[in-house]
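Peer 1: Attaching a single structure in C-alpha cells format; questions to follow.
Number of protein chains: 2
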Amino acid sequence: MTKESTSRTRKPKRGQTREALMSAALELVVKKAPFSALSLREVTKKAGVVPTAFYRHFPDMSALGLTLLDESFRTLRQMMRQVRQQELPNERMLRGSVETYFTYVRNNRAHFLFVSKELASGTPTMRNAIRREIRMFTNELAMDMARFPFLNHINAEDLQMMAGLVVNNVTALTQEMLELEEIDETGQQEVLITAEKQLRLIYFGVGMWRSDKSHS
Amino acid sequence: MTKESTSRTRKPKRGQTREALMSAALELVVKKAPFSALSLREVTKKAGVVPTAFYRHFPDMSALGLTLLDESFRTLRQMMRQVRQQELPNERMLRGSVETYFTYVRNNRAHFLFVSKELASGTPTMRNAIRREIRMFTNELAMDMARFPFLNHINAEDLQMMAGLVVNNVTALTQEMLELEEIDETGQQEVLITAEKQLRLIYFGVGMWRSDKSHS
DNA sequence: GAATAATGCGTACAACTGTTCACTTATAGG
DNA sequence: CCTATAAGTGAACAGTTGTACGCATTATTC
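Protein chains in written order, with this note's numbering: chain L, 391 to 606; chain E, 391 to 606.
Here's what the structure looks like:
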C-alpha cells in the first residue's frame with residue numbers, strides 16, 4: 391500500500407498521520423457510532439496524535455468524511471468492475487457474481503459499513519453522493535442487461551426497474567451480511583445462498599416480463 | 391414568538407411535557423441528524439422545557455429513544471394489520487397493497503424516517519429491536535403465502551426467502567420514498583409505480599419457482 | 001382546604017468539544 | 001551544512017454537554 395517513502399527516515403511520520411487519522415475514524419465508525427457522532431479529538435486520540443495536528447491534514451471533520459467516502463467508492467468501483475467483467479447474466483454465472491461480490495464485502499467490511507451507515511444517517515451531502523453512486527451502478531447494470539439479446543424485447547424504463555430491483559436487494563443483503571459477526575461463517579454462507587436464490591427468482595421473473603403489459 | 395411571562399411563570403402542563411419531549415426528538419431526527427447525535431439539552435430546548443425537567447420523564451436519552459422506537463412499532467404494526475387484512479397476493483390486489491403501504495409511509499413520515507435511520511446507525515440494542523420487528527413481518531408474510539393454494543408446492547425455506555425478497559425491496563423503496571421531499575408528488579408517484587412493477591415481477595418469479603430445483 | 005406527589009426551574013460543576021496561536025522539531029532541496 | 005517548509009506540540013479559549021441538588025409550583029387525593 392505505502393509506496394511513497396523514498397527516504398531514510400528514522401521515524402517515518404511522513405504522510406502517515408493522514409492515513410492514521412483516516413483509519414482511526416473508520417475504525418471508530420465500525421465499532422462505535424455513525425461518523426457524525428465522532429469528535430475530532432476522539433479521532434486524533436485514536437490516531438495517537440494531538441488534536442491540533444488534525445488541521446495539518448483536513449480543514450475539519452466533514453472533509454475527513456468526504457475523503458473516507460471517496461476511498462470507499464474506489465473500493466466499490468473496483469468491485470463493480472470485477473463483477474461486470476464476468477459474462478452477462480445467465481443462470482449459471484449468477485453464483486459466481488454473488489460470490490465475487492460478497493467476498494469483496496467481507497474483505498472491505500469497514501468501508502461497506504461506513505457507506506451503509508452514512509447512506510442512512512450522514513449529512514445530505516454524503517447521502518446524495520452515495521445515492522448518486524448507487525444510481526450509477528444501477529444504470530450500468532441496466533445497460534449491461536440491454537446488451538443481452540435475451541432481454542431486447544424489454545424497454546429501457548423496465549430494464550431500469552429490474553436493475554433497481556437487483557440493486558435494492560443486494561444492498562439489503564449487504565447490510566444483513568454486515569450485521570453478522572466476522573466470525574459467523576455459517577451465517578454468511580446462509581446469506582449467500584439466500585442471495586443466490588433471490589436473484590435467481592428475479593431472473594425467472596425477468597424471463598416472464600412483457601414490457602407492453604398494461605399497468606394502469 | 392414565545393410570549394410567556396419572563397421569570398417565575400409555570401405553564402399549565404399536565405402529562406404533556408413527556409409527549410413534547412418525544413415529538414421534539416422526533417422532529418430533530420427528521421430534520422437534522424441521527425438520534426445518537428441529539429443532545430439532551432437540544433431536545434429539552436426544542437420542547438420548551440428546562441434541561442433538568444427531562445429527568446422527570448426519562449432516565450436518559452437512550453430511554454427516550456427506546457420509547458420512540460416503541461411508538462414507531464405501534465404505527466408499523468397497525469399498518470401491517472391493515473395491509474394483511476386485504477385479500478392474499480394475486481396480481482390484482484398488488485396495487486392496492488402497495489398504495490395502502492405507501493400512504494402509511496407518507497402519513498407517518500417521521501416515524502419511518504426515525505426507524506430507517508436507527509436501523510443503520512442506532513445502538514446495537516435499537517438495531518436488534520428493529521431487525522427483530524422486520525423479521526416478524528417477514529415471517530408473517532411467509533405464513534400468509536403458505537396459506538395460499540397457489541404456492542403450496544413451495545417449501546417453507548423458500549417461502550421465507552421469497553418473503554425476504556419482498557420485504558427487502560419494500561424497505562429499500564421506503565427509504566427511497568423518504569428521501570423525497572414531502573411536496574414531490576410526482577417523484578412519489580414514480581416510486582409507487584416502480585414498486586408495483588417490481589413486486590409484480592417478483593410475483594412472476596414466484597410463479598416459476600420450483601422448490602425441488604437443484605441449486606448447487 | 002390541607003397534605004402529598006408530581007413536575008418544572010435555576011444554579012452549579014466537571015468533562016468534553018472545536019479552534020486559535022505561538023512554539024518546536026523533522027525533512028527535503030539547494 | 002543550511003535553511004525553508006511541512007508536521008507535530010501544548011496551552012488556552014469559549015461553548016456545549018450531562019447531571020446533581022434544592023427550591024417552587026402545580027395537580028391530586030383525602
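Idealized CB from N, CA, C, for every residue including glycine.
Is the stretch 530 to 542 of chain L in contact with the stretch 567 to 584 of chain E, if contact means three or more CB pairs nearer than 8 Å?
Peer 2: Output reads no: the stretch 567 to 584 of chain E does not touch the stretch 530 to 542 of chain L.
Peer 1: I need the straight-line Cα distance from E/Ala427 to E/Phe492, nearest angstrom please.
Peer 2: Approximately 28 Å, taken between the alpha carbons.
Peer 1: Can you name the start and end residues of the alpha helix (DSSP H) that L/Ile583 belongs to?
Peer 2: 575 to 598 is the span of the alpha helix (DSSP H), which, as asked, contains L/Ile583.
Peer 1: Taking just the CA atoms, how far does L/Leu555 sit from L/Asn529?
Peer 2: Cα to Cα, the separation comes out at about 12 Å.
Peer 1: Considering Cα atoms alone, identify which of L/Thr465, L/His543, L/Leu456, L/Phe463 is closest to L/Met516.
Peer 2: Of the candidates L/Thr465, L/His543, L/Leu456, L/Phe463, the one whose C-alpha sits nearest the C-alpha of L/Met516 is L/Leu456.
Peer 1: Can you tell me whether DSSP reads E/Leu416 as helix, strand or coil?
Peer 2: Three-state DSSP puts E/Leu416 in a helix.
Peer 1: List, in order along the chain, the chain E residues whose C-beta lies closer than 7 Å to that of L/Asn559?
Peer 2: In chain order: Leu555, Asn558, Asn559.
Peer 1: Checking 7 Å against the spacing of the C-beta atoms, do E/Val433 and E/Ala414 come in under that value?
Peer 2: It is a contact, given that the beta carbons lie within the stated cut-off.
Peer 1: Closer than 7 Å, CB to CB, is E/Ser397 near chain L or not?
Peer 2: Because the pLDDT at E/Ser397 is just 32, under 50, the model does not fix this residue reliably, and the value given afterwards should be weighed accordingly. No, its Cβ sits nowhere closer than 7 Å to a Cβ of chain L.
Peer 1: Quick one: grab the DSSP three-state call for E/Asp450.
Peer 2: E/Asp450 falls in the coil class under three-state DSSP.
Peer 1: Name the chain L residues whose beta carbon is nearer than 9 Å to that of E/Val596?
Peer 2: Here the neighbours are Leu591, Phe594, Gly595.
Peer 1: Quick one: list the residues of chain E neighbouring L/Ala427, beta-carbon separation under 7 Å, in chain order.
Peer 2: Ser426, Ala427, listed in chain order.
Peer 1: Please classify L/Arg464: does DSSP put it in a helix, a strand, or coil?
Peer 2: If DSSP states are grouped into helix, strand and coil, L/Arg464 belongs with the helices.
Peer 1: Give me the chain L residues within the contact set of E/Leu570, using Cβ-Cβ distance strictly less than 9 Å, ordered along the chain.
Peer 2: Per Cβ cutoff of 9 Å: no residues; E/Leu570 is ~11 Å from chain L at best.
Peer 1: Taking the straight line between their C-alpha atoms, what separation do you get for L/Val473 and L/Ser487?
Peer 2: For L/Val473 and L/Ser487, the distance between alpha carbons rounds to 6 Å.
Peer 1: Counting only C-beta atoms, is L/Met526 closer than 7 Å to chain E at any point?
Peer 2: With 7 Å as the cut-off, L/Met526 does not count as an interface residue toward chain E.
Peer 1: Roughly how many angstroms lie between the CA atoms of L/Trp599 and E/Phe538, to the nearest whole one?
Peer 2: So the alpha carbons of these two residues sit roughly 23 Å apart.
Peer 1: Just checking: is the beta-carbon of E/Ser511 within a distance shorter than 7 Å of some beta-carbon in chain L?
Peer 2: So yes, E/Ser511 belongs to the interface.
Peer 1: Of all the CB atoms in chain E, is at least one closer than 7 Å to the CB of L/Met551?
Peer 2: Yes, L/Met551 lies at the interface with chain E (some Cβ there is under 7 Å from its Cβ).
Peer 1: What does L/Ala562 touch in chain E if you count any residue whose Cβ is under 7 Å from its own?
Peer 2: What L/Ala562 touches in chain E: Asn558, Thr561, Ala562.
Peer 1: Any heavy atom of the ligand FAD closer than 6 Å to the CB of E/Thr457?
Peer 2: Among the components modelled here there is no ligand, and therefore nothing to report on the ligand FAD.
Peer 1: Taking contact to mean 3 or more Cβ pairs, one atom from each stretch, closer than 8 Å, check whether the stretch 546 to 564 of chain E and the stretch 579 to 586 of chain E are in contact.
Peer 2: Yes, the stretch 546 to 564 of chain E is in contact with the stretch 579 to 586 of chain E.
Peer 1: In whole angstroms, what separates the C-alpha of E/Ala443 from that of E/Val419?
Peer 2: Rounded to whole angstroms, E/Ala443 to E/Val419 spans 20 Å at the Cα level.
Peer 1: Spell out whether any CB of chain E is found under 7 Å from the CB atom of L/Ala414.
Peer 2: So, not an interface residue.
Peer 1: Kindly indicate which three-state DSSP category L/Arg482 falls into: helix, strand or coil?
Peer 2: In the structure shown, L/Arg482 sits in coil (DSSP, three-state: anything other than H, G, I, E or B).
Peer 1: From L/Ala423, L/Lys422, L/Pro424, L/Lys436, pick the residue whose C-alpha is nearest to that of L/Ala409; which is it?
Peer 2: Note that residue 409 of chain L is Glu in the sequence shown, not Ala. Taking only the C-alpha atoms, the option nearest L/Glu409 is L/Lys436.
Peer 1: Is the beta carbon of E/Leu591 less than 7 Å from the beta carbon of L/Gly595?
Peer 2: Closer than 7 Å, so yes.
Peer 1: Just the Cα atoms here: how many angstroms apart are E/Leu568 and E/Val581?
Peer 2: Approximately 10 Å between the Cα atoms of the pair.
Peer 1: Quick one: list the residues of chain E neighbouring L/Ala423, beta-carbon separation under 8 Å, in chain order.
Peer 2: Those are Ser426, Ser511, listed as they occur along chain E.
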